[in-house]
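Residue numbers (my numbering): 112 to 272. Below you'll find the structure, written out as structure tokens, and then a few comments.
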Amino acid sequence: MVVISAFDETDIADAYRIFKTGRLNPWTYSTFEKSALNDFSLVAKENNNIVAYVLLSSVLDESTIEDITVDTQHRNKGIARKLMEASFDLAGKMQQQSIFLEVRFSNNAAINLYRSVGFEIIGERKNYYDTAVALDSTTQATQKNAPAAPRENAYVMKKVL
Ligand SMILES: CC(C)(COP(=O)(O)OP(=O)(O)OC[C@H]1O[C@@H](n2cnc3c(N)ncnc32)[C@H](O)[C@@H]1OP(=O)(O)O)[C@@H](O)C(=O)NCCC(=O)NCCS
112 MVVISAFDET DIADAYRIFK TGRLNPWTYS TFEKSALNDF SLVAKENNNI VAYVLLSSVL
172 DESTIEDITV DTQHRNKGIA RKLMEASFDL AGKMQQQSIF LEVRFSNNAA INLYRSVGFE
232 IIGERKNYYD TAVALDSTTQ ATQKNAPAAP RENAYVMKKV L
């Protein structure tokens, strides 16, 4: 059974390991830790092992989903949907009016997840994300007059609570 709770300090290292898997340009441990140890972020555990987390922040009555990640071996079992629903309950209790997020144009799994729990696309941010090419410093260093490396656009999505 999956159990959802607030982050404890002892959860950070395992959650950070899940976070780093497959990330092009991951946050530092301390940035991740600050985001995890606030009043909104949640972890999901199965048999006392962390299998997923969601990081949220809040300003006044607006929340932002900073990140949600499910361990690769536990995907497609409804865990992200459960975490999102738990986040909405918590945000509602904390008098939040709406939740925002950004997501890569190419991240179909996340876009489908967000749509399925009631988020709508409200805008775009151009060149918002790094890409593997943009991070390849060898390419940039050896091609001085080459055009800027491509970056990826983001959708901005919103859910009214
Ligand atoms: C996106 C992610 C969080 C989904 O987690 P998950 O636990 O596998 O998702 P769930 O099983 O709860 O699925 C909920 C819905 O998401 C969508 N979805 C999930 N995985 C999908 C996939 N591979 N392709 C298309 N849609 C997908 C579906 O709409 C699904 O509903 P359905 O099962 O009724 O079709 C997970 O793939 C992940 O951790 N990805 C890497 C990190 C990431 O990209 N995070 C988002 C940052 S913006």
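A virtual CB, placed ideally from N, CA and C, is assigned to each residue, including glycine. Note that the coordinates shown come from a computational prediction; the quantities given were computed from them, not determined experimentally.
- With the rule of 3 Cβ pairs closer than 8 Å, the stretch 141 to 152 does not count as touching the stretch 182 to 192.
- The beta-carbon distance between Arg-236 and Val-267, rounded to whole angstroms, is 6 Å. This is short enough to meet the 8 Å contact definition.
- Not a single heavy atom of ligand 1 lies less than 8 Å from the C-beta of Asp-125.
- The beta carbon of Ile-129 sits closer than 6 Å to the beta carbons of Thr-180 and Asp-182 from its chain, once the five residues preceding and following it are set aside; these are given in chain order.
- When secondary structure is reduced to three states using DSSP, Gly-234 falls in the strand class.
- Judged by DSSP secondary structure, Thr-142 falls within the alpha helix (DSSP H) whose first and last residues are 140 to 147.
- In the DSSP assignment, Met-195 falls within the unbroken alpha helix (DSSP H) covering 190 to 204.
- When Ala-243, Ile-222, Val-271 and Val-154 are compared, the shortest CA-CA separation from Ala-260 is found for Ala-243.
- The alpha-carbon of Phe-216 is positioned some 30 Å away from that of Ala-117.
- Assignment of Ser-227 by DSSP, reduced to helix, strand and coil, places it in the helix class.
- Rounded to whole angstroms, the separation of the alpha carbons of Ala-126 and Thr-132 is 10 Å.
- The bridge partners DSSP lists for Asp-178 are Leu-166.
- Excluding its 5 nearest sequence neighbours in each direction, Ala-197 has C-beta neighbours in its own chain below 7 Å: Ile-115 and Leu-153, listed in chain order.
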